[in-house]
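Asker: Going by our numbering, the first residue of the sequence shown is number 1, and it counts up by one from there.
Encoded as structure tokens, here's the structure I'll be asking about.
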Amino acid sequence: MRADRSADRSTGTGRVGLVTIAREWGRIGCIGFGGPPTHISLLRQLCVERRDWIPAEEFEDSVTATNLLPGPASTQLAILAAWRLRGLPGALVGGLSFILPGLALILALAALFLSGNPPLWVRGAAAGAGSAVAAVAVHAAWSLAPVSWKRAGKARSARARWLGYALAGAAAAALTGPWLVLVLLAAGLVEIAVRASGRRDGRRFARRIGRRATSWPVLAAAPVLGGGMTALAWVALKVGALSYGGGFVIIPLMQADAVDHYHWMTDGQFLNAVALGQITPGPVVQTVAVVGYAAGGVWGGLLAAAVAFAPSFLFVILGGRHFDGLRSSERVQAFFYGAGPAVIGAIAGSAIPLSLALRNGWQYGVLAAAALWLLAARRGVVSALLGAGALGVAAALAGWPVG
């Protein structure tokens, strides 16, 4: 191990082979079950602890910077780490190697679960796993809340604003669907204005950003008239460009488009899609590939994934040199002090429409069991979904409704 480390240092981080990047990032893409915490841990073990490719402080700065960007943060971290090693070629090879294993698996599962006449046990497994999705959303919000609450500080006014932002995000996710992004932006802008209340330039900055920000989210949240591949690409672009704070934030947006507007999927099928995004290695954003498959088969799934992940590559390739300045900006930090709690509230609030999408009484029992498993027993998401799927198979074989 020590000899390997010395060899890695002697080559220099700029000369790590593309084949090595493809192999190592592909390995993480294959075994990265468990979402962003697992991805970050595996990348840290590889780049910092085992190979000494990236200094520990620089890696932690990369984690912070990617969490300030819209899109799947762990995917952007994988792209950024490879970019630091080999620039543009490294970013492309590393990012694709990280994404493709999970994408291939989720498309194969989509073909099984969304086929015209799947076997009874498959429909039962889908209904069971889909029942647990709302509990997974609450668990995701619960795991993010302590750090964000601590960042708010001990001042009563700051904690009151934190609660207000979180409640606004929860209400928006439950009630407004694709317009959720407006609330997230508003929370960030309010915090900028509050923190800069004693400085005229800060208030002027917040007003200027507010004027610019009120047009593009309205356009982005709106659906494209008609349907087809153009509409699918638009939905995928919104997923990839607006998912602040984690993949669950875009669940209400995707549900509104895929189920309510374009009718590519039923509520039950959408729950299955979210569950598949959780049990496969990779980010929740890969749920959009299942939506794409429902809209246009394999080519639809590939198109949706390509469009959804394109912003992550562009953010890193075009903006990687500026990430340190972004992270140190007081205004950017203020924005995320406001938007962060709203994101957490939105993730929790998404559990409401996901719960309402359940159609059978036994599914609420599975939902309650999953909530106890995740929140009381503090067990993992993958085991919760697999267990829920097994309960769904048992329900189907017992003759209970799974449609």
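Just so you know, even glycine gets a beta-carbon here, dropped at the ideal spot from N, CA and C.
From I347, E57, G399, pick the residue whose C-alpha is nearest to that of V181; which is it?
Answerer: Nearest option by C-alpha distance: I347.
Asker: What span of residues does the alpha helix (DSSP H) with V343 cover, start to end?
Answerer: Counting along the chain, the alpha helix (DSSP H) containing V343 begins and ends at 330 to 349.
Asker: Near R123, what residues of its chain come up, given a Cβ to Cβ distance below 7 Å and the 5 sequence neighbours on each side ignored?
Answerer: Answer for R123: A396, V402, listed in chain order.
Asker: So, does the region 161 to 178 touch the region 376 to 393, judging by three or more C-beta pairs under 8 Å?
Answerer: Flag = no, the region 161 to 178 and the region 376 to 393 do not touch.
Asker: Which residues in the same chain have their Cβ closer than 7 Å to the Cβ of F409, if we skip the five residues on either side of it in sequence?
Answerer: The first residue shown for the chain is 1 and the last is 403, placing residue 409 beyond what the model contains.
Asker: Between G169 and A187, which are expected to be in contact by the criterion C-beta below 8 Å, what is the C-beta distance as a whole number of angstroms?
Answerer: 7 Å between Cβ atoms; contact.
Asker: Determine, using beta carbons only, whether L100 and G17 come nearer to each other than 9 Å.
Answerer: Result no, Cβ atoms of L100 and G17 do not sit closer than 9 Å.
Asker: From W53, S148, M229, L318, pick the residue whose C-alpha is nearest to that of V307; which is it?
Answerer: Of W53, S148, M229, L318, the residue nearest in Cα terms is M229.
Asker: Could you give the first and the last residue of the continuous alpha helix (DSSP H) run that contains C30?
Answerer: Run containing C30: 18 to 31, per the alpha helix (DSSP H) assignment.
Asker: Strictly under 9 Å for the Cβ-Cβ distance: is G403 near chain C by that measure?
Answerer: No chain C is present in this structure, which holds just one protein chain.
Asker: Going by CA-CA distance only, name the one from R195, A155, L92, I344 that's closest to P146.
Answerer: It is I344 whose Cα lies nearest to the Cα of P146.
Asker: CA-CA distance, A135 and E24?
Answerer: Rounded to whole angstroms, A135 to E24 spans 33 Å at the Cα level.
Asker: So what does DSSP say about Y293, is it helix, strand or coil?
Answerer: Residue state, collapsed to three classes: helix.
Asker: Measuring alpha carbon to alpha carbon, tell me which residue in L175, A158, A171, A174 is nearest V190.
Answerer: It is A158 whose Cα lies nearest to the Cα of V190.
Asker: With S355 and A173 assumed to form a contact (beta carbons below 8 Å), what rounded beta-carbon distance in angstroms separates them?
Answerer: So it is not a contact: roughly 12 Å between Cβ atoms.
Asker: V129 and A368 look like a contact to me (Cβ under 8 Å); what is the Cβ gap, rounded to whole Å?
Answerer: Inspection of the sequence shows that residue 129 is occupied by Ala rather than by Val. Not confirmed; about 15 Å, so no contact.
Asker: By the 10 Å Cβ neighbour count, where 16 or more other Cβ atoms means buried, how is L175 classified, buried or exposed?
Answerer: By the neighbour-count rule (16 or more Cβ atoms within 10 Å), L175 is not buried but exposed.
Asker: Starting from the Cα of W362, find the closest Cα among G277, W400, S97 and give me that residue.
Answerer: It is W400 whose Cα lies nearest to the Cα of W362.
Asker: Buried or exposed, going by whether 16 or more other CB atoms sit within 10 Å of the CB of G87?
Answerer: Label assigned to G87: exposed.
Asker: Within the region 237 to 314, note down every full alpha helix (DSSP H) run reaching 4 residues or more, in order along the chain.
Answerer: As far as the region 237 to 314 is concerned, its whole alpha helix (DSSP H) runs of at least 4 residues are 251 to 255, 267 to 279.
Asker: Can you tell me the Cα-Cα spacing of W216 and H261, whole angstroms?
Answerer: Note that W216 scores a pLDDT of 46, beneath 50, so its modelled location is shaky; the value from the coordinates is reported in the next line. Each residue's Cα considered, the two are about 20 Å apart.
Asker: With a cut-off of 8 Å on the beta carbons, I'd call A295 and L372 a contact; round off their distance for me.
Answerer: Actually they are not in contact, since the Cβ atoms of A295 and L372 sit about 35 Å apart, beyond 8 Å.
Asker: For I54, report the span of its alpha helix (DSSP H) as first-last.
Answerer: Where I54 is concerned, there is no enclosing alpha helix (DSSP H), given that its DSSP letter is neither H nor E.
Asker: Quick one: Cα of E330 to Cα of A65, how far?
Answerer: In a straight line, the C-alpha of E330 is about 14 Å away from that of A65.
Asker: Which stretch, first to last residue, makes up the alpha helix (DSSP H) that contains V48?
Answerer: Careful: V48 lies outside any alpha helix (DSSP H) and carries neither H nor E.
Asker: Any chance you could list the beta strand (DSSP E) runs of at least 3 consecutive residues sitting entirely within the region 101 to 134, in chain order?
Answerer: Entirely contained in the region 101 to 134, not one beta strand (DSSP E) run reaches 3 residues.
Asker: Taking the straight line between their C-alpha atoms, what separation do you get for L114 and L391?
Answerer: Using only the alpha carbons, I get a separation of about 20 Å.
Asker: Measuring straight from C-alpha to C-alpha, what distance separates Q45 and N360?
Answerer: One C-alpha to the other measures close to 44 Å.
Asker: Output the distance between the C-alpha atoms of L303 and A155, rounded to the nearest integer angstrom.
Answerer: So the alpha carbons of these two residues sit roughly 47 Å apart.
Asker: State the CB to CB distance for the pair G292 and L103, rounded to an integer number of angstroms; the pair is presumed to be in contact (CB under 8 Å).
Answerer: Not really, about 11 Å apart at Cβ, beyond 8 Å.
Asker: Judging by CA-CA distance, which residue of A81, A111, R321, G320 is the nearest neighbour of V298?
Answerer: V298 has its Cα closest to that of A111, out of A81, A111, R321, G320.
Asker: Determine, using beta carbons only, whether V382 and F33 come nearer to each other than 9 Å.
Answerer: A contact, by the Cβ cut-off of 9 Å.
Asker: Between T280 and I106, how many whole angstroms is the CB-CB distance? I'm expecting something under 8 Å.
Answerer: Yes, they are in contact, since the Cβ atoms of T280 and I106 sit about 5 Å apart, within 8 Å.
Asker: Report all residues from its chain with a CB closer than 6 Å to the CB of R195; omit the five preceding and five following residues, and keep chain order.
Answerer: If we look at R195 and ignore the five residues flanking it on each side, its Cβ neighbours are A334.
Asker: Would you report the Cα separation of T266 and L358, rounded to the nearest angstrom?
Answerer: One C-alpha to the other measures close to 11 Å.
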